[in-house]
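Read in UniProt numbering, the sequence shown has 114 at position 114, and its numbers run on one by one without any break. The beta-carbon is built from N, C-alpha and C at its ideal position, and this holds for glycine as well. Okay, structure first, notes after.
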Amino acid sequence: MPVAMKDDRPGQPSTQSELAMRTQDTEATEQEPTVASLACHRKSPRPCINQTLVDELAVIRQWRFLQFGSASFAETLLVDGKTDKFLHLPHDETNSIGYATAVSVIIGTPFLIETAEQAKKLPKIGDKIVVKIAEFLEKGYIQESRDILKMEKFRVLSLLSSVHGIGWKAANDLYNEGARTLDDLRELLPHRPSTLSYIKYLGDLSEKIPREEVESIVKWIKHQLDKIQPGARLEACGGYRRGKTHSNDVDIIITWPHQDGLVPNDGVLYHTMAGSERTVKDNRPAERLDALDKALVIFRLPAEANKRSKDKFRRVDLIVTRWPDFGCAVVGPLCSPLRSNRNMKFDSGGIRERDTDRPIEALTEQDVFRVLQLPYIDPKLRNADP
1 MPVAMKDDRP GQPSTQSELA MRTQDTEATE QEPTVASLAC HRKSPRPCIN QTLVDELAVI
61 RQWRFLQFGS ASFAETLLVD GKTDKFLHLP HDETNSIGYA TAVSVIIGTP FLIETAEQAK
121 KLPKIGDKIV VKIAEFLEKG YIQESRDILK MEKFRVLSLL SSVHGIGWKA ANDLYNEGAR
181 TLDDLRELLP HRPSTLSYIK YLGDLSEKIP REEVESIVKW IKHQLDKIQP GARLEACGGY
241 RRGKTHSNDV DIIITWPHQD GLVPNDGVLY HTMAGSERTV KDNRPAERLD ALDKALVIFR
301 LPAEANKRSK DKFRRVDLIV TRWPDFGCAV VGPLCSPLRS NRNMKFDSGG IRERDTDRPI
361 EALTEQDVFR VLQLPYIDPK LRNADP
C-alpha cells in the first residue's frame, strides 16, 4: 500500500489544517480596504468608482431634503396642505441625513460594490439602503428613483427651492398654496423684492458656470479690490476648487495678509457691488473667531466682445476672513466632526482650543490638516457630496 510522503519543499503546506490557514490568510489579504466613518478620512473623487449607484441614490436623497430639510429625528411633523392635521411619518421616510451620509460613504468607497454583503459592511449604511443597493445590483437601477423623477411635486419643489431665499419649508408651503410655476411664485410673493429680483435673473442663475468664467469673475473682483486696497488674496472655492468642470455658483474667499480681513461698513464690499444686488448683513464683532463677513450677491459679469455678447448674471458668495484663519475658511466644514475629538472648536471661521478659547492659526489648508492631525487630502478628492 503506497504511503503518503511528506512534502518538505520550502513553502509547501505540510498538513490540511496548515493549507486551510494559508487559504484564510490569502482571503484576508484580498479583502476590500476598510472605509472610514468620517468624510475627512476618506478620499472622495468625482466621478467615483460607484458613480452610477451614487446617481440613483442621490435622487432619493434629494427628495428627502426637498420634503424634510436636514431632518434626522425619529418622527417628523408635516402639515398637510389640505387640512390642519399633522402626519406622523416613520424615521426611514424622513431621514435626509441618513441618505446623505450613506451616499457620502459610497462615494468614498475605493472599490466597486458588487454584492449586498459588501454594502452591509460599510459604515453608515443601514438595512433600508442595503435593500436599495441590492435592487440596483440586480436591475441596474432603483425603481423609487425613477418614480421620484416622474413626480410633479419633485419637479416643482426642485424649481421653487432653486430660488434664493426659499428653503425646503417655504417651498412646501408655497406648493401647498398652489405654486407650480415661477409666475405663481410672483403672485404669491409680491412683497419680497429680493426673491422677485432673483427670479428676474433665474435664467442666467440656473446655468452652469464654466471654469474659465469663474476665473474671469475672480480676476474682475481682484482688480476692483486692488483699486481700493492692494494686496488682497482671493481663492475660488466650492465645486471649482474640487475640480468640477462647471459650478452652480461661485464661492470666493477674500483676505488681506496685513490685517484682520474684516471689512468696515463703508469698506470694500460696498464698493465692489456695482452692477450687483447687495444682500450683506452688518459685520459681526472681530473678536468672534467664527464670524465671517459674507455678501451673497447677484453678480453682473460684463459682456466681452470675443466671449459674451451680453452681460451674465451669476450668484457669487463673497466671504471675508482674517488672515490667520484663511486656511480654515478654504477648507470649510470638512473636518468639523473631529473638533470634539481633538478638544478644539472648529468651523470655517477658525480653530480654537475648547478649554482656553485660544485661537490656533491655520494660514493654509495644510496647516488645518496638521493641527487636526489628519493626512492631507487634495481638494479634488473632497467630493463627498453628490
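For this session: May I have the straight-line CA-CA distance separating residue 95 from residue 60, to the nearest angstrom?
Result: 11 Å
### Query
Under 8 Å, do residue 111 and residue 199 count as touching if we go by C-beta distance?
no
Practice prompt. Compare the Cα-Cα distances from residue 235 to each of 174, 301, 328 and 187 and report the closest residue.
Written response: 328
Between the alpha carbons of residue 52 and residue 103, how many angstroms are there, rounded? 11 Å
Between residue 108 and the rest of its own chain, which residues show a CB-CB distance below 8 Å, the 5 nearest in sequence each way excluded?
-> 35, 36, 39, 42, 43, 44, 48 and 384
| request: May I have the straight-line CA-CA distance separating residue 324 from residue 256, to the nearest angstrom? | output: 10 Å
Review point. Going by other Cβ atoms of all chains shown within 10 Å of its Cβ, with 16 needed for buried, is residue 146 buried or exposed?
Key: exposed
Residue 315 beta carbon less than 8 Å from that of residue 223: no
Between the alpha carbons of residue 367 and residue 245, how many angstroms are there, rounded?
27 Å
May I have the straight-line CA-CA distance separating residue 74 from residue 346, to the nearest angstrom?
Only weak support exists for where residue 74 lies, its pLDDT of 35 falling under 50; the coordinates are left without a value.
- Measure the alpha-carbon distance for residue 228 versus residue 158 and round it to whole angstroms. 40 Å
Is the separation between the beta-carbon of residue 379 and that of residue 241 shorter than 8 Å? Going by C-beta atoms, residue 379 is nearer than 8 Å to residue 241.
ask   = If you draw a straight line from the C-alpha of residue 120 to the C-alpha of residue 99, how long is it?
value = 15 Å
Quiz item: When DSSP labels each residue in this structure, what does residue 348 get in the three-state scheme?
Solution: If DSSP states are grouped into helix, strand and coil, residue 348 belongs with coil.
Could you tell me the distance, in whole angstroms, from the CA atom of residue 251 to the CA atom of residue 295?
Distance from the CA atom of residue 251 to the CA atom of residue 295, rounded to whole angstroms, is 10 Å.
Item to complete: With DSSP collapsed to three states, give me the class of residue 221.
Response: helix
Note to self: So, at 8 Å on beta carbons, what are the nonlocal neighbours of residue 196 in its own chain, with the 5 sequence-adjacent residues on each side left out?
What the structure shows: 186, 189 and 190
Quick one: residues in its chain with C-beta nearer than 6 Å to the C-beta of residue 129, no 5 flanking neighbours on either side, listed in chain order?
102
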